[in-house]
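This report refers to the structure that appears directly beneath it.
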Amino acid sequence: MKFVCDGTDLSDALMKVTKACSAKTTNPILETVKLSAANDTLTLTATDGELAIRKKIRAEVLDEGAFCVPGKYFADFIKRLENEQITMTSEESTVVIRYGDSVSSMQILSADDFPAIETDVNENRIELSAKDLKELIAKTTFCCAQDDSRPVLKGCLIETKEGCVTFTALDGYRMAVCKKNILSMTGDIRIICPGRTLNEISRMLGSDEENITVYVQKNMLMVSIENTVLTSRLYEGEFVNVSGIVPREFQSEVVVDKNALDESVERAAVLARTDKNSIVVFDIREDSMGVSSNTSIGKVNESVKILLEGKDVTIALNCKYVSECLGAVSDEKVRIGLNGAVSPCVVTPVDGDSYLYLILPVRTTA
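In our numbering, the protein residues as written are 15 to 380.
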């Protein structure tokens, strides 16, 4: 196999596809990028067995073929050749890399051992704007679980119904829900997509003005953007039934300036993070919300103006969960619903139901 390509094009493609290379595996082929050259096109593919990314770039193909290179090291090396015209020739177990007056080589593996990637994923599809897809992902995936104790919670539940798509993520301590209108669909879907997959899709998205089609078939999802195709396995199993988790009524409802609350929480969090539970206490009385943290290092006590309907209430929450929730919201004001110190805190828009965040309180000793 032999081809000539632009160093910048190759480096940019490698930066995209190596996101799918496995970081921890007993199978070396999953740490590689497969390079296939044919018809004046170089195709780069990487997979960790769950997520796969394929990218095509232009190349002058002098001899067709395919081989696999160590993804991380190859990408790091090519990044330093972005201003070069690169010629690559495979020779048995090595690839010879020529650029300028220099020659380097790297060990390669046989492309025959690289896993087959499913690309016929078109049973169902939904179409929505790139802007809305970015927002759905940004507003929810940070609530996906990070551990393997319940694998489905590492994913985001995606459901379509009556022209809307809803993303739901939870980790056992907090939950995020976001809803958007879709442009078209072939049928309702209900899938659990890995949070990592959705974050990689978000990185691929370009202009907010373009429309994106998401294809779903059985346990697979696929997105094609320009010359990049991402496919991913979906999680199997039952997602948590969230219908009974969110309270229907609240004893206390607060409307507050989002930025003012966020800034106050961030200051209190500087000290709160030194404590094991990262607790910030919210003391709601009439027209003000006290925001405080009390640790061995020091104390923070602040007050934020609010509009309160209902009872006074005091609740302790994890500062990280509150900060990430407020950071995902772009509204000027938010509504907070509470039912006492031991019931969930619920954050929603002042008007509408486009998003919802639920945070479980931290029990404190009196």
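Quick reminder that beta carbons are idealized off the backbone N, C-alpha and C, glycines included.
Counting along the chain, where does the beta strand (DSSP E) carrying residue i start and finish?
i	result
Lys-319	313-324
Met-382	The displayed coordinates of the chain run from 15 to 380. Any statement about residue 382 would go beyond what the structure contains.
Ala-73	Per DSSP, Ala-73 belongs to no beta strand (DSSP E) and is neither H nor E.
Tyr-229	225-231
Ser-310	Looking at the DSSP string, Ser-310 is not in any beta strand (DSSP E), and its letter there is neither H nor E.
Ala-60	55-61
Arg-112	108-113
Thr-32	Looking at the DSSP string, Thr-32 is not in any beta strand (DSSP E), and its letter there is neither H nor E.
Ser-238	234-239
Ile-373	369-373
Thr-378	Where Thr-378 is concerned, there is no enclosing beta strand (DSSP E), given that its DSSP letter is neither H nor E.
Thr-362	359-363
Residue i bridges to which residues according to DSSP?
i	result
Asn-332	Ile-293
Phe-81	Leu-49
Pro-208	Gly-169
Thr-39	In the DSSP output, where bridge partners are listed per residue, Thr-39 has none listed.
Ala-66	Thr-61 and Thr-245
Ser-266	Gly-324 and Leu-352
Ile-298	Met-303 and Val-327
Met-199	Ile-140
Lys-347	Asp-271
Give the range of the alpha helix (DSSP H) segment to which residue i is assigned.
i	result
Arg-281	272-286
Met-189	Looking at the DSSP string, Met-189 is not in any alpha helix (DSSP H); the run it does join, the beta strand (DSSP E), is 188-195.
Met-15	From DSSP, Met-15 is part of no alpha helix (DSSP H); its letter is neither H nor E.
Pull up the CB-CB distance for residue i and residue j, whole angstroms please, since I reckon it's below 8 Å.
i	j	result
Val-31	Ala-60	4 Å
Ile-382	Asp-326	Any property of residue 382 remains undetermined from this structure, which presents the chain solely from 15 to 380.
Asp-363	Ile-329	One point to set straight first is that residue 363 is Pro, not Asp, in the sequence displayed. Not confirmed; about 20 Å, so no contact.
Ser-104	Phe-81	5 Å
Thr-155	Gly-209	4 Å
Phe-264	Gly-341	With a Cβ gap of about 23 Å, Phe-264 and Gly-341 do not count as contacting.
Val-18	Ala-73	6 Å
Pro-165	Tyr-249	6 Å
Asn-291	Asn-332	7 Å
Cys-207	Asp-185	Not really, about 16 Å apart at Cβ, beyond 8 Å.
Cys-28	Ile-92	It is worth fixing the name first, because residue 28 is Leu in this sequence and not Cys. The Cβ separation is near 6 Å, so the contact holds.
Ser-337	Val-279	6 Å
Thr-309	Leu-285	5 Å
Asp-54	Lys-16	Not quite, the Cβ-Cβ distance comes to about 13 Å (not below 8 Å), so this is no contact.
Glu-316	Arg-281	7 Å
Thr-182	Val-256	6 Å
Arg-204	Glu-173	5 Å
Inset, instruction - Identify every run of the alpha helix (DSSP H) within the segment 116-186, keeping only runs that are complete inside it and at least 4 residues long; order them along the chain. - result: 144-152
Inset, instruction - Specify whether the segment 253-270 and the segment 348-362 touch according to this definition: at least 3 beta carbon pairs, one from each stretch, less than 8 Å apart. - result: yes
Inset, instruction - Check whether the segment 214-227 touches the segment 132-145, taking contact to mean three or more Cβ pairs, one atom from each stretch, closer than 8 Å. - result: yes
Inset, instruction - Decide if the segment 238-249 is in contact with the segment 68-77; the criterion is three or more beta carbon pairs, one per stretch, under 8 Å apart. - result: yes
Inset, instruction - Report yes or no: do three or more beta-carbon pairs, one from the segment 44-60 and one from the segment 72-88, lie closer than 8 Å? - result: yes
Inset, instruction - Please confirm if the segment 88-99 is in contact with the segment 192-203, defined as three or more CB-CB distances below 8 Å between the two stretches. - result: no
Inset, instruction - Decide yes or no for the touch test of the segment 182-191 against the segment 253-264: beta carbon pairs closer than 8 Å, at least 3 of them. - result: yes
Inset, instruction - Would you check if the segment 147-161 and the segment 119-129 touch, i.e. whether three or more CB-CB distances between them fall below 8 Å? - result: no
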